[in-house]
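Going from the first sequence to our numbering is simple: count from 1 and add 392.
Below: the structure, in structure tokens.
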Amino acid sequence: MISSLRGMNDILSEDYERFTYFISTATMVAQRYGFHFIQTPLLEETALFKRSVGESSDIVGKEMYQFIDKGENDVCLRPEGTAGVVRAFIQKKLDRAGGIHRFFYHGAMFRYERPQKGRLRQFHQFGVESFGVDSVYEDAAMIMMVSDILKELGIGYRLQINSLGDNSCMPSYREKLVKFVQECKDGICEDCIRRVETNPIRVLDCKNGACQELYVGAPKLIHNLCSGCNDDFATLKKILENNAILYEVNTNLVRGLDYYSKTAFEFVSDNIGSQSAIAGGGRYDRLVEFLDGRPTPAVGFAMGIERLMELIVMPEIKRDGYYIGAMDDKAVDIAVKIAQKKRKTDKAVVDYKAKNLKNHLKAADKINAKFCCVIGEDELNNGTIWVKDLEGKTEAILKIEEF
RNA sequence: GUGGGAUUAGCUCAGUUGGUUAGAGCAUUGGUUUGUGGUGCCGAGGGUCACGGGUUCGAGCCCCGCAUCCCACCCCA
């Protein structure tokens, strides 16, 4: 037997119901905020991710499905969604056109990781990207959008926010931090020694307890912001408070992708195990320029659909459509004909096997039909059909041509 | 990539110190009180015990390998 590749799952029946329910809910909310759908390819030039996500990140460093195609191009399956959207934005010259452009997307992402619950090699994200708005109100809108989606789906969460600073305050902070970490170098873990070289900010969210103890006195990003970043962060908190969004400031919150600046946020659930981040995002004002576009402020987020699917409270399934059966083989043809008529507007399922009324009712109940319709001996003789509303428990005998 | 646990019917799981034909519940399916369901009763089908080796007279059970899932690390959504 051939089975699916490790960390790559089929989505069917009940899972698919959840999946589409999520997509339609998230789409509805994104459209309410004025966002438009965008679809970008699953396969992109490897350089796109190296330049945007950053070579120091684990995603690019060791988790990409990368290969040389038949035209000798270095390509890879997208490990995240933002880079492709930004690439499309620039390629369509929307950076030159100016104005505001708001997109949402959803689709498969690929990372060669060791699978776990809530962590797959092929997984799905829903994300939005906003270009051309530098106001921190847009950052807040991102957070409120995620909050709205989660509320619609009945999902509880904790929101953590932080500010990563911008070009005028981040570099000097980084120097300060590197200096601090190098002073306590002897006590820190191997990973942190590597991080100091590659991406020093990442030491802050090291999970190693010994490291964390050493970093208690480390300079905090939040205390080293320039006045612009500081004001924006204060404004962001105020907007969230005004709109009744609960948050906690996590000064160690660092986004895993290099392109973020200023606002960073993460939505966390306590109910799905260790892969607890269900949505994350922030501002990335420098990325468009990095990818050869005109400097354009931007902010966005992404949600992990498989992680959310575990948490979604599905609305109650309502009885729907017609079940049509016969108690005599001679009536099956009539049942099929009726079904074809009903299918112009409704769901109709025919049982091709003659059986007694009780069994028809059982079968109709099993498929959650609203109406159980049966043609028995009497009905066959009179040109009628017996119809029972399984919800209201009322029944009637109708002329077939009137049904 | 590192460490740990699990894998028996479609699903959830029993299976004694290695010993005849591997069980249950649910699901599926047939019958039934001769035209009233979601909640009766009786029956049936369904398993190379993940896969590949080994030890043994004999392996679902012990040993080795391998795959997948789960957990922790790592990473992140």
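Quick reminder that beta carbons are idealized off the backbone N, C-alpha and C, glycines included.
Please read these numbers as outputs of a predicted model, since none were measured by experiment.
So, under 8 Å CB-CB, residue i and residue j are touching, yes? Tell me the CB distance rounded to an integer number of Å.
i    : j    : result
S539 : I415 : At roughly 18 Å, the Cβ-Cβ gap does not stay under 8 Å, so S539 and I415 are not in contact.
F795 : L782 : So it is not a contact: roughly 16 Å between Cβ atoms.
L790 : V779 : 6 Å
Y652 : L556 : 6 Å
K468 : T432 : Here residue 468 is Cys; the residue named in the question, Lys, does not match the sequence. About 14 Å separates the two Cβ atoms, so there is no contact after all.
L628 : V520 : At roughly 17 Å, the Cβ-Cβ gap does not stay under 8 Å, so L628 and V520 are not in contact.
F682 : S444 : 7 Å
Leaving out the 5 sequence neighbours to the left and right, which residues in its chain are closer than 6 Å to residue i when beta-carbon positions are compared?
i    : result
C576 : L606
K509 : G665
F625 : S555
I593 : V646
What does a CB cutoff of less than 8 Å around residue i pick up in its chain, not counting 5 residues either side in sequence?
i    : result
L645 : Q552, I553, N554, D597, A656, F657, E658
T786 : K780
P507 : R398, G399, R513
A731 : Y714, I716, A740, V741, V742
T417 : I541, E544, L545
E769 : M719, D720
Give every residue of the same chain whose Cβ lies closer than 7 Å to the Cβ of residue i, excluding the five residues on either side of it in the sequence, and list them in chain order.
i    : result
Y744 : V724
L679 : S444, V478, Y651, A690
F441 : V452, M456, C468, P471, A475
L632 : A532, I535, Y639
Can you have a look at residue i and say buried or exposed, based on whether 16 or more other CB atoms are within 10 angstroms of its CB?
i    : result
Y408 : exposed
I664 : buried
F518 : buried
K734 : buried
F429 : exposed
H493 : buried
E640 : exposed
R699 : buried
Please classify residue i: does DSSP put it in a helix, a strand, or coil?
i    : result
D738 : coil
N642 : coil
Y744 : coil
R678 : coil
V715 : The displayed chain sequence assigns Tyr, not Val, to residue 715. Y715 falls in the strand class under three-state DSSP.
S449 : coil
M501 : strand
F795 : coil
V766 : strand
E437 : strand
C584 : helix
Q483 : helix
Under 7 Å: does the beta carbon of residue i sit that close to some heavy atom of the ligand COA?
i    : result
K485 : The ligand COA is not part of this structure, which contains no ligands at all.
> Do the segment 750-757 and the segment 706-720 touch if we need at least three Cβ pairs shorter than 8 Å?
Replying inline: yes
>> Would the segment 530-550 count as touching the segment 696-712 if we require 3 or more Cβ pairs under 8 Å?
In response: yes
>> Using 8 Å as the cut-off, can you tell me whether the segment 498-507 makes contact with the segment 458-473, which would need three or more C-beta pairs spanning the two stretches below that distance?
In response: yes
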